[in-house]
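Visitor:
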Amino acid sequence: DKGGHKHFMAKEIAEQPTVIGEALSNYLDHNGNIHLPEPGLDFAKIDRLSMVACGTAYFACLTAKYWFEQIARLPVDVDVASEFRYREPPVPARTTALFVSQSGETADTLAALRYCADKADKIVSVVNVSESSIARESDLVLPIHAGVEVGVASTKAFTCQLTVLFILALKAAHDRGEIDDRSLSDHLSALRSMPSLIATALEANQQMQAAALRLAEARDVLFLGRGAMYPLAHEGALKLKEISYIHAEAYASGELKHGPIALVDKYVPVVVMAPRDALFDKTVSNMQEVMARKGRVILVSDRQGVEDAGEGAFATITLPTVPDVLAPILYAIPAQLLAYHTAVAKGTDVDQPRNLAKSVTVE
Ligand code: M6R
244 DKGGHKHFMA KEIAEQPTVI GEALSNYLDH NGNIHLPEPG LDFAKIDRLS
294 MVACGTAYFA CLTAKYWFEQ IARLPVDVDV ASEFRYREPP VPARTTALFV
344 SQSGETADTL AALRYCADKA DKIVSVVNVS ESSIARESDL VLPIHAGVEV
394 GVASTKAFTC QLTVLFILAL KAAHDRGEID DRSLSDHLSA LRSMPSLIAT
444 ALEANQQMQA AALRLAEARD VLFLGRGAMY PLAHEGALKL KEISYIHAEA
494 YASGELKHGP IALVDKYVPV VVMAPRDALF DKTVSNMQEV MARKGRVILV
544 SDRQGVEDAG EGAFATITLP TVPDVLAPIL YAIPAQLLAY HTAVAKGTDV
594 DQPRNLAKSV TVE
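Here full-length UniProt numbering is used: the sequence shown runs in plain steps of one and ends on residue 606.
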């Protein structure tokens, strides 16, 4: 049942305020305490976190690395499962291995989990399907509560994975004595505001649809971001590739002049994910380098950001202002909707893109 939407993907994008609220109520109580399912996890007892996943779940891990390192000062490795399993990396003592998978059945992620089973202190999984193989073989299962996801392009599972991983990063910071009560409760109340911020972001749908009409004409598209917006740029590029079949690549904004700027001309749209955070000015100056080469910038920022930096942009998308650290969750919305509307404009099969399966159970 598409609930009145044209595609499952549209329905699942629209569901995000609700399912994120669901995830929050499963992990947070009214007194602002974080509750993990049994047997729980004590981050004071570990020295590093090794995160492994594929596809969109991998980009959720890359985003969470910024959170674990910045907020909890916990060193984090992130790997694509297909590389991790054959590289056979050493797993030092006091390492917790964390696997993220919507389906819980991804063959490479499961194999990576099995590789760690007798090496890591603990096997933790963040899954949508709690009765899955990955969940069954984990010491601790953290469900994301996204509900069934039908669209092959993952949307609500991604933002729910981010929500659970953010909560986990706060728990890590607390266990390790890296955060005081005041900033913990500030982070938690910021997190609780996400469903309503996302609902507001969804209202910018028309701007995203208009920008997508431009993307639909392109052969190549670049996505740029800095900090935790860099993995999000990857997620935006993956979404666009998967359902519109347009070649898209993501770069850390600071890498632009190390090569990819050579690609830029008036035919290449460049989507710039630029929340007004500490790195905003740097991102904007990279964006101006793109404009100087006639690149067609689609700027995604908040009202003030669009006002300050939007001049000369090909298109702008205005999101509500969001606490810096949570921007990746909010900016997932334009990443998803730009891809969605581009695919619709191109007339591709949005829910069942060619050559792809929802769950990749063979390597
Ligand atoms: O079920 P999983 O989360 O383990 O799946 C991982 C990837 O196959 C998946 O995220 C894939 O990249 C999606 N099609 C992305 O939209």
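Even glycine gets a Cβ: it sits at the ideal position worked out from N, Cα and C.
Does at least one heavy atom of the ligand M6R sit under 6 Å from the Cβ of VAL370?
Guide: For the ligand M6R, not one heavy atom lies less than 6 Å from the Cβ of VAL370.
Visitor: Terminal residues of the continuous alpha helix (DSSP H) containing THR406?
Guide: 399-418 is the extent of the alpha helix (DSSP H) around THR406.
Visitor: In terms of residues, what are the limits of the alpha helix (DSSP H) holding SER496?
Guide: Premise fails: SER496 is in no alpha helix (DSSP H) and is neither H nor E.
Visitor: Quick one: grab the DSSP three-state call for SER432.
Guide: SER432 falls in the helix class under three-state DSSP.
Visitor: Rounded to whole angstroms, what is the Cα-Cα separation between SER344 and SER381?
Guide: Rounded to the nearest angstrom, the two C-alpha atoms are 12 Å apart.
Visitor: What three-state label does DSSP hand LYS365 in the structure shown?
Guide: DSSP places LYS365 in strand when its eight states are reduced to three.
Visitor: Which residue wins for smallest C-alpha separation from residue 608, given the options ALA378, SER376, THR349, LEU465?
Guide: Because residue 608 is not part of the residues shown, which for the chain are 244 to 606, the question remains open.
Visitor: Does the ligand M6R have a heavy atom nearer than 6 Å to the CB of GLN547?
Guide: No, the Cβ of GLN547 stays beyond 6 Å of every heavy atom of the ligand M6R.
Visitor: Give a single yes or no on whether VAL603 has its beta carbon closer than 6 Å to a heavy atom of the ligand M6R.
Guide: Checking every heavy atom of the ligand M6R against the Cβ of VAL603, one is found closer than 6 Å.
Visitor: To which residues does DSSP link HIS490 through a beta bridge?
Guide: The partner list for HIS490 (beta bridge, DSSP) reads ASP463.
Visitor: The alpha helix (DSSP H) spanning LEU440 covers which residue range?
Guide: First-last of the alpha helix (DSSP H) with LEU440: 437-445.
Visitor: Given 6 Å as the limit, tell me if GLN579 has its C-beta closer than that to any heavy atom belonging to the ligand M6R.
Guide: Not under cutoff, so the answer is no.
Visitor: Any idea if ALA553 is buried or exposed, counting beta-carbon neighbours within 10 angstroms, 16 or more meaning buried?
Guide: The residue asked about is misnamed: residue 553 is Gly in this sequence, not Ala. With 16 or more Cβ atoms within 10 Å of its Cβ, GLY553 is classed as buried.
Visitor: In whole angstroms, give me the CA-to-CA distance for ASP351 and CYS297.
Guide: Taking the straight line from one Cα to the other gives about 8 Å.
Visitor: Nearest by alpha-carbon distance to ARG330: which of PHE523, VAL395, ARG425, ALA355 is it?
Guide: Measuring from the Cα of ARG330, the nearest candidate turns out to be ALA355.
Visitor: Below 8 Å, can you find three or more Cβ-Cβ pairs linking the segment 454-472 to the segment 500-518?
Guide: Yes, since at least three Cβ pairs between the segment 454-472 and the segment 500-518 fall closer than 8 Å, the two stretches touch.
Visitor: Between GLU485 and ALA396, how many whole angstroms is the CB-CB distance? I'm expecting something under 8 Å.
Guide: The Cβ separation is near 5 Å, so the contact holds.
Visitor: Is it the case that the CB of GLN404 approaches a heavy atom of the ligand M6R more closely than 6 Å?
Guide: Not so, every heavy atom of the ligand M6R lies at least 6 Å from the Cβ.
Visitor: Tell me the residue span of the alpha helix (DSSP H) that contains ARG528.
Guide: For the sequence presented, residue 528 should be read as Ser rather than Arg. That run of the alpha helix (DSSP H) goes 523-535.
Visitor: Going by C-alpha distance, which of LEU506, ASP322, SER496 is nearest LEU522?
Guide: Nearest of LEU506, ASP322, SER496 to LEU522, Cα basis: SER496.
Visitor: Quick check: the Cα distance between GLN404 and TYR494, rounded to an integer number of angstroms?
Guide: If I take the Cα positions, the gap works out to 22 Å.
Visitor: Thinking C-beta only, is VAL513 closer than 7 Å to ASP463?
Guide: Contact: no.
Visitor: For the ligand M6R, any of its heavy atoms closer than 6 Å to the Cβ of THR561?
Guide: The answer is no for THR561.
Visitor: Whole angstroms are fine: how far does the CA of PHE251 sit from the CA of VAL393?
Guide: Spanning the two alpha carbons is a distance of roughly 6 Å.
Visitor: So what's LEU385 in DSSP terms, helix, strand or just coil?
Guide: Three-state DSSP puts LEU385 in a strand.
Visitor: In this structure, does DSSP put ARG539 in helix, strand or coil?
Guide: The answer is strand: DSSP assigns ARG539 an E or B state.
Visitor: Find out if the Cβ-Cβ distance for the pair LYS399, GLU258 is shorter than 7 Å.
Guide: Result yes, Cβ atoms of LYS399 and GLU258 sit closer than 7 Å.
Visitor: Classify ASN276 as buried or exposed, calling it buried when 16 or more other Cβ atoms lie within 10 Å of its own Cβ.
Guide: Classification of ASN276: exposed, given that the 10 Å Cβ count is below 16.
Visitor: I'd like to confirm something about THR349: is its beta-carbon nearer than 6 Å to some heavy atom of the ligand M6R, or not?
Guide: True, at least one ligand heavy atom lies under 6 Å from that Cβ.
Visitor: So, does the segment 453-463 touch the segment 424-436, judging by three or more C-beta pairs under 8 Å?
Guide: The segment 453-463 is not in contact with the segment 424-436.
Visitor: So the beta strand (DSSP E) ALA578 belongs to, where does it begin and stop?
Guide: No beta strand (DSSP E) holds ALA578; the alpha helix (DSSP H) holding it covers 570-589.
Visitor: To the nearest whole angstrom, what separates the beta carbons of PHE311 and ALA412, a pair I think is in contact under 8 Å?
Guide: Contact holds; Cβ gap of about 5 Å.
Visitor: From the DSSP output, read off the bridge partner residues of PRO512.
Guide: Paired residues: ARG539.
Visitor: Secondary structure at ALA340, three-state DSSP: helix, strand or coil?
Guide: Strand.
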